[in-house]
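Going down the list, the sequences are from chains A and B.
The first sequence lines up with residues 639 to 795 when you count with the numbering used here.
The second sequence lines up with residues 133 to 301 when you count with the numbering used here.
C-beta: ideal position from N, C-alpha, C; glycine also.
The structure under discussion appears below in the form of structure tokens.
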Amino acid sequence: MSATLSNKARAEPNLTPILDMVFQLITFFMLVINFKANLMDMQMQLPVIGSARPMAKDDKRSFFMVNLNNKGQFTVFGRPLDDSKIAGFIQKQGEFYRLTERRRNPNFDPDKDEISTTVIVRADRATPFSKIYRVIRECQDNGFRNFAFRAQSAQAK
Amino acid sequence: MAKRKSPEEVELNLAAMLDMAFQILCFFILTFKPPPAEGQIQLRMPPAQPLQTVKTNERAGSDASKNNPVQGLNTLPIILTATDEGMIRQIYVNQQEVVVDPKLAMLDAQLKKLLGDPATPYDQVVIQVGSNLKYEELMRVLGICTHQTIGGDPKNHLTKLSLVSEDAP
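Printed below as a string of structure tokens:
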């Protein structure tokens with residue numbers, strides 16, 4: 639016996655499969671989301687160097703990212719920081735990483751011991767050295783000793 | 133014959149949940165930024181120290197407090213001068229000029245000769261860089277320096293490197 643249609647035809651699609659698929663996509667994007675990418679200034683063009691090696695995956699050390707655009711401006715979250723505020727900003731970062739170090743290692747002496755944090759320098763290929771050197775000196779004065787100079791590896795290009 | 137629903141059967145309205153799920157999905161799609169494939173050159177850089185400080189008319193060995201009189205002799209100095217456009221103009225390795233070629237092959241050869249010798253006195257490099265030099269040019273030189281091995285030991289790569297500016301006091 640066939641079903642008879644009522645005057646008001648009602649179609650109720652089964653939404654469960656589409657909901658399943660949407661949840662799977664959400665899970666995928668949640669897993670691959672990279673909040674650290676916000677620290678990078680994506681506008682700048684890094685130099686291409688064949689000998690640049692990707693960061694070791696087992697390196698658990700913290701890092702402090704420094705971005706310098708092609709005009710030599712120090713950028714934080716993509717916005718240029720005033721020259722007069724750079725020293726204060728790096729000093730605050732130094733204090734923060736010293737405290738972090740002390741929390742990990744109670745024997746850490748903030749006045750003598752070095753900070754294990756790596757300063758990652760991301761500068762545009764056209765940034766003059768004097769601008770980079772000013773930032774390096776400021777970091778060294780605040781106890782940073784480990785530096786990593788970022789470049790685009792030749793394979794990625 | 134029409135199917136009659138039993139009173140226990142509950143039908144959830146999934147449309148509202150699907151709306152919300154789509155909104156969250158849109159947020160993740162719009163904010164998705166794949167991380168760029170970047171490499172790095174890792175260096176340990178303590179603040180640059182003067183290679184040797186000697187007072188005027190001081191004789192060698194006259195100051196007994198200097199317990200490391202040969203400090204600085206194990207450091208290989210490299211000087212990079214820059215053009216107005218920020219390119220490398222001249223390279224001096226240990227005060228000897230090296231020809232600047234597009235791939236910096238001459239610099240590579242000179243560093244191999246000086247650092248690769250098993251009897252090399254050098255274990256660190258100080259690079260004095262022209263203030264105008266572009267980051268790209270500096271990275272080319274750093275790439276060549278960090279590629280060098282000391283004393284011919286393939287596991288002992290050069291990592292002790294300091295940068296000083298031309299204008300540094």
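Ile724(A): first and last residue of the uninterrupted alpha helix (DSSP H) it sits in
Residues Asp721 to Arg742.
What in chain B is Cβ-close to Thr796(A), meaning under 7 Å?
The displayed coordinates of chain A run from 639 to 795. Any statement about residue 796(A) would go beyond what the structure contains.
DSSP beta-bridge partners of Ile671(A)
None, per the DSSP bridge assignment.
Considering only their Cβ atoms, is the gap separating Leu236(B) from Ile276(B) smaller than 7 Å?
Using a Cβ distance threshold of 7 Å, Ile276(B) and Leu236(B) count as a contacting pair.
Looking at C-beta atoms only, is the number of pairs between the stretch 264-281 of chain B and the stretch 682-698 of chain A that lie closer than 8 Å three or more?
In short, these stretches touch, since the Cβ pair count reaches three.
According to DSSP, which residues form a beta bridge with Phe712(A)?
According to DSSP, which records beta bridges pairwise, Phe712(A) is partnered with Leu706(A) and Leu719(A).
Between Arg783(A) and chain B, is the shortest Cβ-Cβ distance under 7 Å, so that the two count as touching?
Yes, Arg783(A) counts as interfacial toward chain B.
Within chain B, the residues that Thr765(A) reaches when beta carbons sit closer than 8 Å
Those are Lys266 and Tyr267, listed as they occur along chain B.
Whole-angstrom distance between Thr738(A) and Val757(A), CA atom to CA atom
In this structure, the CA atom of Val757(A) is about 15 Å from the CA atom of Thr738(A).
Alpha carbon to alpha carbon, what distance is there between Glu141(B) and Arg648(A)?
Rounded to whole angstroms, Arg648(A) to Glu141(B) spans 19 Å at the Cα level.
Using only the heavy atoms of the ligand FMN, determine whether one of them is closer than 6 Å to the beta carbon of Ile282(B).
Among the components modelled here there is no ligand, and therefore nothing to report on the ligand FMN.
Contact residues within the stretch 245-265 of chain B, judged by C-beta distance below 9 Å to chain A
Cβ contacts with chain A: Val261, Gly262, Ser263, Asn264 and Leu265.
Whole-angstrom distance between Asp255(B) and Pro286(B), CA atom to CA atom
One C-alpha to the other measures close to 14 Å.
How long is the line joining the alpha carbons of Ile223(B) and Arg772(A), rounded to whole angstroms?
Their backbone Cα atoms lie some 22 Å apart in a straight line.
Cβ-Cβ separation, Phe667(A) to Phe326(B) (assumed contact under 8 Å), whole Å
In the structure as shown, chain B begins at 133 and stops at 301. Residue 326(B) is therefore absent and cannot be evaluated.
For the beta strand (DSSP E) containing Arg763(A), list its first residue and its last residue.
Segment: none, Arg763(A) is in no beta strand (DSSP E) and carries neither H nor E.
Is the stretch 245-254 of chain B touching the stretch 740-755 of chain A, taking contact as three or more C-beta pairs under 8 Å?
Between the stretch 245-254 of chain B and the stretch 740-755 of chain A there are fewer than three inter-stretch CB-CB distances shorter than 8 Å, so the stretches are not counted as touching.
For my contact list, Arg699(A) and Ser754(A) are in at a C-beta cut-off of 8 Å; report their separation, rounded to the angstrom.
Between Ser754(A) and Arg699(A) the Cβ distance is about 5 Å, and since that is below 8 Å, they are a contact.
Give a yes or no on whether the minimum CB-CB distance between Leu669(A) and chain B is below 7 Å.
Any Cβ of chain B closer than 7 Å to the Cβ of Leu669(A) would place that residue at the interface, and such an atom is absent.
Taking the C-alpha atoms as reference points, what is the distance between Lys674(A) and Gln683(A)?
Looking at the two C-alpha atoms, the distance is approximately 18 Å.
What is the DSSP secondary structure of Pro166(B), counted as helix, strand or coil?
Per DSSP, reduced to three states, the secondary structure at Pro166(B) is coil, with no helix or strand assignment.
Listed by chain order, chain A residues near Gly218(B) by CB distance under 8 Å
Neighbourhood of Gly218(B) in chain A, by CB distance below 8 Å: Ala764 and Pro766, in chain order.
Between the Cα of Ser297(B) and those of Lys695(A), Met659(A), Asn780(A) and Ile770(A), spot the shortest distance and give me the residue it belongs to.
Closest by C-alpha distance to Ser297(B), out of Lys695(A), Met659(A), Asn780(A) and Ile770(A), is Ile770(A).
With H, G and I counted as helix, E and B as strand and the rest as coil, what does DSSP make of Lys245(B)?
Of the three classes helix, strand and coil, the one that applies to Lys245(B) here is helix, per DSSP.
Gly171(B) - DSSP class collapsed to helix/strand/coil:
Three-state DSSP puts Gly171(B) in a strand.
Give a yes or no on whether 7 Å exceeds the smallest Cβ distance from Phe746(A) to chain B.
Interface residue (Cβ-Cβ distance to chain B less than 7 Å): Phe746(A) is not classified as such.
Hey, out of Ile671(A), Met680(A), Leu719(A) and Arg763(A), whose CA is closest to Glu217(B)'s CA?
The shortest C-alpha separation from Glu217(B) is found at Arg763(A).
Whole runs of the alpha helix (DSSP H) within the stretch 220-299 of chain B, excluding any shorter than 4 residues:
The qualifying runs are 237-247 and 267-279.
Short of 9 Å Cβ to Cβ, which residues in the stretch 150-167 of chain B face chain A?
From the stretch 150-167 of chain B, only Leu150, Ala153, Phe154, Ile156, Leu157, Phe159, Phe160, Ile161, Thr163, Phe164, Lys165, Pro166 and Pro167 have a Cβ closer than 9 Å to chain A.
So with Cβ pairs under 7 Å, would you call Ser689(A) a contact of chain B?
At a cut-off of 7 Å, the C-beta of Ser689(A) has a neighbouring C-beta in chain B.
Below 8 Å on the Cβ atoms is my contact criterion, and I expect Val759(A) with Arg736(A) to pass it. Report the Cβ-Cβ distance as a whole number of Å.
Their Cβ separation, rounded to whole angstroms, is 20 Å, which puts Val759(A) and Arg736(A) out of contact at 8 Å.
Report all residues from its chain with a CB closer than 6 Å to the CB of Asn200(B); omit the five preceding and five following residues, and keep chain order.
For Asn200(B), the predicted model reports a pLDDT of 47, less than 50, meaning its position is unreliable; a value from the coordinates is still stated below. Counting only Cβ-Cβ distances below 6 Å, and skipping sequence neighbours, we find nothing.
Check Val142(B) in the structure and name its three-state DSSP category.
Val142(B): coil per DSSP, three-state reduction.
Which same chain residues end up closer than 6 Å to Ile724(A) when comparing Cβ atoms and leaving out the 5 residues on each side of it in sequence?
Excluding sequence neighbours, Ile724(A) sits near Phe712.
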